[in-house]
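Chains as they are written, first to last, in the numbering used here: chain A, 2 to 226; chain B, 2 to 226.
A virtual CB, placed ideally from N, CA and C, is assigned to each residue, including glycine.
Contents: one structure, followed by commentary.
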DNA sequence: CTTCTACTACAAGAATTTGCATAAGCTGAT
DNA sequence: ATCAGCTTATGCAAATTCTTGTAGTAGAAG
């Protein structure tokens, strides 16, 4: 589940990113409206969280711009203002939900679930907390991975990468996509971290000839169940 | 699971009652606002579905009346209007969700699940006054914690944190969630109070190799019984 | 078949972060 | 002023992340 957070206040964005990541979401942070329209618009987000007060552009303007460019991703607006007028204009221009700061983090999570649940329903996808591929079990609620019953100790980054691969099961994902989704890096800075982490994952989850991660030369990797 | 449907249009109410009953809910139908306030107000519903257009009273008025009388049952508003103003006023006056006709029945179900799930979560506050995990006893009525009969002196904050962990037993809770739930709303994430208090708790309740609080690296903590 | 090149795999270690314990500072109530 | 409780700061060990560098491999070209 990939979420784009558009927020220029460092304090709040840190809090959001950290909290959402701790809840298992893959989060990318963008600090200004311009970059959203330039760099991030073509990525398929599951949800966009948009602050209504940005330095370079009004959040509602950005919302309008996105909808104008036919971006139909669910958008949750975030604002310090409690004015009804703001709520109205945000929802009128196509926001899917609206939350006023300060808010309870659990309420944010529950609203995110509501928004993305509807999306999943539309996509006719069934989200599962328990996944199994051969001997490999993944429990997403408990962040627990086991192989033939034995626990597999994965670092946070390794776990995130695994989840991303599993979410795109059967699809080839590129290094850039992975850098994007798992590392939050949107530019190529000539790193081979992805390769290294694929290697880590393989050594931990591929045992006794059970192979899950396949190399697609020149393109990326693919997870097969 | 008991649901009260307040709806005066026969076509719609039939559809709702039939559909909900087929999904396993116990449904009661009420055709006017007056009866809700007279007859049905004292029953403990799990959910109330309220049409915004009733013959004898505006749905939002009824909603207000219910909340005024301290009925905190989750309420889902139903309306043919897609006006943002209605949505806002409904939500402002204490509706928990809002659905516009015509709607997909599956979406209704999914929203019902969301609302009643949250309720179940909230109801975890009142289940058992006496809890026991190994040698650890927690009496929630007396705010008293003992280990092997010996009283454990916990400060208010420590106690609150313990209760929050216990309420989420078996689930990983993040630092941000704990900050939110135990310390109140804050965007501050440059603090390690949570770690410190986990440490305090451990030193007070984990004795003789009885371990309750487990670290989930990179994510948070989990209480196991 | 052999050679070449671009790509991939992975080991090793440096740099950074995290979790945890402890200490020190702060605050509000009595 | 004192004290309990709360928060911040600090140090350290261990874990994690990331870079570097080298060996290996697939597949195209000759």
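Can you give the Cα-Cα distance for residue i and residue j, rounded to whole angstroms?
{"i": "residue 58 of chain A", "j": "residue 70 of chain B", "result": "44 Å"}
{"i": "residue 45 of chain B", "j": "residue 74 of chain B", "result": "8 Å"}
{"i": "residue 64 of chain A", "j": "residue 54 of chain A", "result": "12 Å"}
{"i": "residue 206 of chain A", "j": "residue 176 of chain A", "result": "20 Å"}
{"i": "residue 171 of chain A", "j": "residue 148 of chain B", "result": "51 Å"}
{"i": "residue 227 of chain B", "j": "residue 19 of chain B", "result": "Any answer about residue 227 of chain B is impossible in this case: the structure gives chain B only from 2 up to 226."}
{"i": "residue 125 of chain B", "j": "residue 101 of chain B", "result": "Unreliable placement is indicated for residue 125 of chain B, whose pLDDT of 42 sits below 50; no coordinate value is reported for it."}
{"i": "residue 216 of chain B", "j": "residue 166 of chain A", "result": "25 Å"}
{"i": "residue 225 of chain B", "j": "residue 154 of chain B", "result": "21 Å"}
{"i": "residue 96 of chain B", "j": "residue 162 of chain A", "result": "39 Å"}
{"i": "residue 143 of chain A", "j": "residue 23 of chain A", "result": "12 Å"}
{"i": "residue 204 of chain A", "j": "residue 182 of chain B", "result": "39 Å"}
{"i": "residue 62 of chain A", "j": "residue 52 of chain A", "result": "11 Å"}
{"i": "residue 140 of chain A", "j": "residue 196 of chain A", "result": "25 Å"}
{"i": "residue 222 of chain A", "j": "residue 39 of chain A", "result": "27 Å"}
{"i": "residue 180 of chain A", "j": "residue 189 of chain B", "result": "28 Å"}
{"i": "residue 27 of chain A", "j": "residue 3 of chain A", "result": "5 Å"}
{"i": "residue 114 of chain B", "j": "residue 186 of chain A", "result": "36 Å"}
{"i": "residue 103 of chain B", "j": "residue 16 of chain B", "result": "12 Å"}
{"i": "residue 37 of chain A", "j": "residue 208 of chain B", "result": "52 Å"}
{"i": "residue 77 of chain B", "j": "residue 145 of chain A", "result": "36 Å"}
Note the first and the last residue of the continuous beta strand (DSSP E) segment covering residue i.
{"i": "residue 77 of chain A", "result": "76 to 80"}
{"i": "residue 140 of chain A", "result": "137 to 140"}
{"i": "residue 100 of chain B", "result": "98 to 101"}
{"i": "residue 48 of chain A", "result": "48 to 52"}
{"i": "residue 154 of chain A", "result": "Per DSSP, residue 154 of chain A belongs to no beta strand (DSSP E) and is neither H nor E."}
{"i": "residue 6 of chain A", "result": "3 to 7"}
{"i": "residue 131 of chain A", "result": "131 to 134"}
{"i": "residue 146 of chain B", "result": "145 to 148"}
{"i": "residue 221 of chain B", "result": "221 to 224"}
{"i": "residue 215 of chain B", "result": "214 to 217"}
Give the C-beta separation of residue i and residue j to the nearest angstrom, bearing in mind that I take them to be a contact with Cβ-Cβ under 8 Å.
{"i": "residue 158 of chain A", "j": "residue 99 of chain A", "result": "Actually they do not touch by this definition, with Cβ atoms about 33 Å apart."}
{"i": "residue 7 of chain B", "j": "residue 49 of chain B", "result": "7 Å"}
{"i": "residue 9 of chain B", "j": "residue 56 of chain B", "result": "5 Å"}
Residue range of the alpha helix (DSSP H) that residue i falls in?
{"i": "residue 184 of chain B", "result": "176 to 184"}
{"i": "residue 167 of chain B", "result": "157 to 168"}
{"i": "residue 60 of chain A", "result": "60 to 69"}
{"i": "residue 189 of chain B", "result": "Counting along the chain, residue 189 of chain B falls outside any alpha helix (DSSP H), and DSSP gives it neither H nor E."}
{"i": "residue 22 of chain B", "result": "11 to 23"}
Cβ of residue i within 6 Å of any heavy atom in the ligand SAM?
{"i": "residue 226 of chain B", "result": "Ligands displayed in this structure: none; no statement on the ligand SAM is therefore possible."}
Contact between the segment 104 to 117 of chain A and the segment 133 to 140 of chain A is defined here as three or more beta-carbon pairs at a separation below 8 Å; is this criterion met? Cβ pair count under 8 Å is below three, so no.
Can you list, in chain order, the residues of the segment 17 to 37 of chain A whose Cβ is nearer than 7 Å to any Cβ on chain B? Residues of the segment 17 to 37 of chain A with a C-beta less than 7 Å from any C-beta of chain B: 19, 20, 23, 24, listed in chain order.
Identify each residue in the segment 188 to 205 of chain B for which the Cβ-Cβ distance to at least one residue of chain A is less than 9 Å, and report them in chain order. Within the segment 188 to 205 of chain B, the residues whose Cβ lies closer than 9 Å to some Cβ of chain A are 188, 189, 190, 191, listed in chain order.
Against chain A, which members of the segment 151 to 177 of chain B pass a CB distance test of less than 8 Å? Only those residues of the segment 151 to 177 of chain B whose C-beta falls short of 8 Å from the nearest C-beta of chain A are listed: 171, 172, 173, 175, 176, 177.
Interfacial residues, the segment 129 to 151 of chain A to chain B, with Cβ spacing under 8 Å: Residues of the segment 129 to 151 of chain A whose Cβ lies closer than 8 Å to any Cβ of chain B, in chain order: 142, 143, 144.
Using a beta-carbon distance cut-off of less than 7 Å, what residues from the segment 43 to 63 of chain A approach chain B? In summary, no residue of the segment 43 to 63 of chain A has a CB separated from any CB of chain B by less than 7 Å.
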